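Data first, discussion second: the structure below is written as structure tokens.
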Amino acid sequence: MTIPHNRLTYGIEEEKAVLEVVKSGRWAGGNYTNQLEEKLGQYTKSNYVAAVSSGISALRLALLGIGVTTNDEVIIPAYSCVALANAILSIGAIPVPVDIEKNTYNIDIECIKKAITSKTKVIIAVHTFGQPSQIEEIISLGYKVIEDCAHCLGIDYTGKHTTKPIGNWADAAITSFYATKLIGAGEGGAVLSSDFSVIDLIKQYRDYSDQMPSAYRLNDKMNDLEAALAFTQLQKLDAFNQRRTAIAERYLSELKNVIPISSLPTNEIERVWYRFVIKLPHAISLTKFKDYMWEKYNIKTDEPVFSWHKNIDSSKLPNTAKAFEQCLSIPCYPTLTEEEQSYIIESIKQTVQYFN
């Protein structure tokens, strides 16, 4: 058998929703965009939501919405998608990458403190692989915060004083509806906030029509075909997350004595298993392990995050450097079958034995 690293998850409901939009003749600016915004707001208990064209558009607009301007510094995890840095650079601000926690791969709050300067405006907290970051502690530093929820939607996070849904903690939150994300719509994204002024400004910026020229006002609207997919998938998200958890629990049970597992859950913190990441020993080459799994067993694995740093200073970013060298993502998605998972587990065992 051949097992991809990612597989689209959809059913007759998505097909019907898309066909409804196609037949309606309103492929842009239709009802599904409004329905998606309303449903996502209810789901995360966010007062205001703006659906946009992509995850990176959501990041860029969220930064603008909370007041980031030229030469402002934005602190981000060094172990993250390059989209964060690109969104920051696109508005003339400065990305400041800092190291991550060893076990969760989330941004390290002590490293944040060391990186703060007089130019610091915003901290972006990514809930990496579905493991919630220390969002309450990050907010307590007193700077504006954006939650990146592209890997983590559908759970609550309990802080010292309150419990709230992920996506409802910071000044703004963003998510992505890229095809392989928790909610897959091909492309698309959203910004969430409890501040009306933030979302109001974003809704102005996402549409350039009938407006005066502006460097920030581009075409960031979500079309109704994508919105129909995202709206339908959102209604299945709890079931998707439950299936991901079942897959992850089996991996944990059967692989924990075979190879180190990244981002182990704790009893206190609920998480989403967007990615299941194994940690290769230093003696095993990530590239060779990945190639062997594909060439020998037809199983696609991949780096969960691709390095966008020219040269990583391991003395300044030690955990980031190790993560890029050692972390490998194995298939974990709702449509993965029991038979396929059994094959993956046995193949990993055989591959580890081969390299040892």
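Numbers given in this note's numbering equal positions in the sequence shown, counted from 1, plus 94. Using N, Cα and C, we set each Cβ at its ideal position, and we do this for glycine too. Given the structure is predicted, the values throughout are model-derived calculations rather than measurements.
Item: Can you find the residues in the same chain that come closer than 6 Å, C-beta to C-beta, to residue 105, ignoring five residues on each side of it along the sequence?; Value: none
Item: Since residue 115 and residue 171 should fall inside the 8 Å C-beta cutoff, what is the C-beta to C-beta distance between them, to a whole number of angstroms?; Value: The pair is not a contact, with the Cβ atoms about 36 Å apart (cut-off 8 Å).
Item: Is it true that the CB of residue 188 sits closer than 8 Å to the CB of residue 173?; Value: no
Item: Using a Cβ distance threshold of 8 Å, determine whether the segment 191-209 contacts the segment 323-330, with at least three qualifying pairs required.; Value: no
Item: Using the Cα positions of residue 409 and residue 249, report the straight-line distance between them to the nearest angstrom.; Value: 35 Å
Item: By alpha-carbon positions, which one of 339, 222 and 255 ends up nearest to residue 244?; Value: 222
Item: Would DSSP call residue 370 helix, strand or coil?; Value: strand
Item: May I have a chain-ordered list of the alpha helix (DSSP H) segments no shorter than 4 residues that lie completely inside the segment 217-260?; Value: 229-233
Item: Under 8 Å by Cβ, that's how I've got residue 293 and residue 142 pegged, so tell me the actual separation to the nearest angstrom.; Value: 4 Å
Item: Are there 16 or more other CB atoms within 10 angstroms of the CB of residue 299, so buried, or fewer, so exposed?; Value: buried
Item: Could you pull the start and end residues of the alpha helix (DSSP H) that residue 149 belongs to?; Value: 149-159
Item: Could you say which of 131, 266, 420 and 164 lies nearest to residue 396 if we only look at CA atoms?; Value: 420
Item: I'd like the list of long-range same chain contacts for residue 190, defined as Cβ closer than 6 Å, with 5 residues on each side in sequence excluded.; Value: 167, 169 and 209
Item: Between the segment 282-297 and the segment 362-369, are three or more C-beta pairs nearer than 8 Å?; Value: no
Item: Which residue wins for smallest C-alpha separation from residue 200, given the options 226, 178, 213 and 132?; Value: 226
Item: Does the pairing of the segment 130-139 with the segment 149-164 give three or more beta-carbon distances under 8 Å?; Value: no
Item: Under 8 Å: do the segment 136-150 and the segment 95-112 share three or more Cβ pairs, one atom per stretch?; Value: no
Item: Can you list, in chain order, the residues of its chain with a C-beta nearer than 6 Å to that of residue 339? Leave out the 5 residues immediately preceding and following it.; Value: 367
Item: Can you give me the C-alpha to C-alpha distance between residue 103 and residue 329, rounded to a whole angstrom?; Value: 13 Å
Item: Starting from residue 114, trace the alpha helix (DSSP H) in both directions and tell me its first and last residue.; Value: 106-118
Item: Give the range of the alpha helix (DSSP H) segment to which residue 391 is assigned.; Value: 380-391
Item: With residue 266 and residue 240 assumed to form a contact (beta carbons below 8 Å), what rounded beta-carbon distance in angstroms separates them?; Value: 5 Å
Item: From the DSSP output, in three-state form, read off residue 190 for me.; Value: strand
Item: Throw me the rounded Cβ distance for the residue 349 and residue 355 pair, which I believe falls under 8 Å.; Value: 7 Å
Item: Given that a residue counts as buried once 16 or more other Cβ atoms are within 10 Å of its Cβ, and exposed if not, what is residue 384?; Value: buried
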